[in-house]
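>
Residue numbers (full-length UniProt numbering): 1 to 137.
(1) Given residue 122, which residues of its chain have a CB within under 6 Å of its CB, disregarding the five upstream and five downstream residues?
(2) Terminal residues of the continuous beta strand (DSSP E) containing residue 133?
(3) What residue range does the beta strand (DSSP E) around residue 104 cover?
(4) Would you kindly report the start and end of the unbroken beta strand (DSSP E) that includes residue 124?
(5) Check whether the stretch 77-85 and the stretch 93-100 are in contact - that is, three or more C-beta pairs closer than 8 Å.
(6) Considering only the beta carbon of each residue, do residue 78 and residue 56 sit closer than 9 Å?
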């Protein structure tokens, strides 16, 4: 009787081992199929749009007029349409209400839409105040 129980146990163990191996193979095959499907979808997605970046040259420069007294002034313009002009003056010099008032403009051209954006601003003791057609008021 012990021999027959041992044979039955061996047969059952063999069948379970075969079933387990079969289940593992099925899981691996499913994972391979899913991985392949993900790779196909990723390959089919469009490539990200890239913008060509040509070399940018300095077209115009207003030299900095900053001697450390009362304010400053500078500006530049680049060949890609980017520009910046800024000046500042010291308001109420030497008093308790002394403040630097900065006024300027800057702008750029969107390389995708070729639309020009310009911003004028004032920065003073009350904060930064930008204005532009594309900005909310």
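Every residue, glycine too, gets a C-beta built ideally from N, C-alpha and C.
In terms of the structure at hand:
(1) Stepping through the chain shown from its first residue, residue 122 is reached at position 122. The answer, listed in chain order, is 103 and 129.
(2) Here residue 133 refers to the residue found at position 133 of the chain shown. Premise fails: residue 133 is in no beta strand (DSSP E) and is neither H nor E.
(3) Along the chain shown, read from residue 1 onward, the residue named residue 104 stands at position 104. Counting along the chain, the beta strand (DSSP E) containing residue 104 begins and ends at 99-109.
(4) One-based indexing of the chain shown puts residue 124 at position 124. Element bounds for residue 124: 116-124.
(5) no
(6) The residue labelled residue 78 in the question sits at position 78 within the chain shown. The residue labelled residue 56 in the question sits at position 56 within the chain shown. Yes. Within cutoff.
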